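Reviewing the structure listed below.
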Amino acid sequence: RIAICDDDEVQLERVAECVRSWPGLSGGVAVFDSGEALLREAVFGDFDIYILDILMPGLDGIRIGSKLRELGDGGEIIYLTSSNDFAADSYEVGAFFYLLKPVDCEPLHRVLDAAAEKLRRWRESCILVSTRDGERRIQLDRLLCVERVGRSLRYYCEDGVVDSQTIRVSFRAAVDELLRDPRFCLCGASYLLNFQHVSGVDGQLALLDNGTTITLPRASAQNFKLAWGKFWLGGQ
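Numbering (our numbering), first residue to last: 1 to 236.
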């Protein structure tokens, strides 16, 4: 889904027409004439791409982008403006692209193609975890390890811990999707580790790059060390 925000009604409709004619569009298009109106909807995390005018009364595009990032919104931001003066500011909020107005459909379509491809690659490198609070998307490169805790899975990430809802299958079956990725290795009946975050193996201890250690089962420690070495020597 794509959100477009511009206080100029003519420009808003012009951009909306371009977006609606984009061949890659598979979701809805929502238009907003103020940053405040957009943010009321964005709280629910419904949008994949934001196309924002920078110069607007009230909340300008840069402040909207900052608030979206504060909300944890990872949607791609494309800025539109008639001035070059804000290019540096647009990258402060991790903007995907910056286009000068008036915008023609062809260059906007090219930028949307690139943004959609980036989103596709990002989603393919994530998993969805069902939690008590709803679905959580976890980036695989930020996932250190997974542990079975009781009847749920605990995902240890760079920025915190995520607990799944109750699982009704074996641990191996529950992490089967991750096991298809060469970065992940099963360690006994209760642990799955990400080789990317293993900085060393000392006997039965796997040393993670955040300073913690995981005790490996005696029976699988040697095989884990061999697999870890193969991964870092180019086996990935």
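Yeah, the Cβ is synthetic: ideal placement off N, Cα and C, and Gly gets one too.
Computed from a predicted model, the values in this text were never measured in an experiment.
Taking the alpha carbon of residue 182 as the point to measure from, which residue in 203, 188, 114, 192 has its own alpha carbon closest?
192
Taking one C-beta from the stretch 164-177 and one from the stretch 196-209 each time, how about it: are there three or more such pairs within less than 8 Å?
no
Give the DSSP-derived three-state secondary structure of residue 219 in the structure shown.
helix
In the DSSP assignment, what residue or residues form a beta bridge with residue 238?
Examination of residue 238 is not possible in this model, given that the chain is present from 1 through 236 alone.
Can residue 65 and residue 111 be called in contact, C-beta distance under 8 Å?
no
Determine, using beta carbons only, whether residue 18 and residue 108 come nearer to each other than 8 Å.
yes
Whole angstroms are fine: how far does the CA of residue 163 sit from the CA of residue 131?
6 Å
Would DSSP call residue 78 helix, strand or coil?
strand
Expected contact under 8 Å - CB spacing of residue 4 and residue 48 to nearest Å
That belief does not hold up - the Cβ atoms of residue 4 and residue 48 are roughly 13 Å apart, past 8 Å.
Sub-8 Å separation of residue 144 and residue 127 beta-carbons
no
Can you tell me whether residue 189 is helix, strand or coil according to DSSP?
coil
Residues sharing a beta bridge with residue 100, DSSP
81
Extent of the continuous beta strand (DSSP E) run through residue 148:
143-149
Just the C-alpha distance for residue 217 and residue 69, rounded to the nearest angstrom, thanks.
41 Å
With distances taken from CA atoms, which of 44, 50, 26, 46 is nearest residue 12?
50
Ends of the beta strand (DSSP E) at residue 115?
Careful: residue 115 lies outside any beta strand (DSSP E), inside the alpha helix (DSSP H) at 105-124.
Got a sec? Which residues, its chain only, sit under 6 Å from residue 242 by beta carbon, not counting five neighbours each side?
No information on residue 242 is available, as it lies outside the stretch 1 to 236 that the chain covers here.
Residues of its chain near residue 63, where Cβ-Cβ distance is below 8 Å and the 5 sequence neighbours each way are ignored:
35
Contacts around residue 156, its chain only, beta-carbon distance under 6 Å, and the 5 residues preceding and following it disregarded:
144, 145
Coarse secondary structure for residue 60, derived from DSSP in three states
coil
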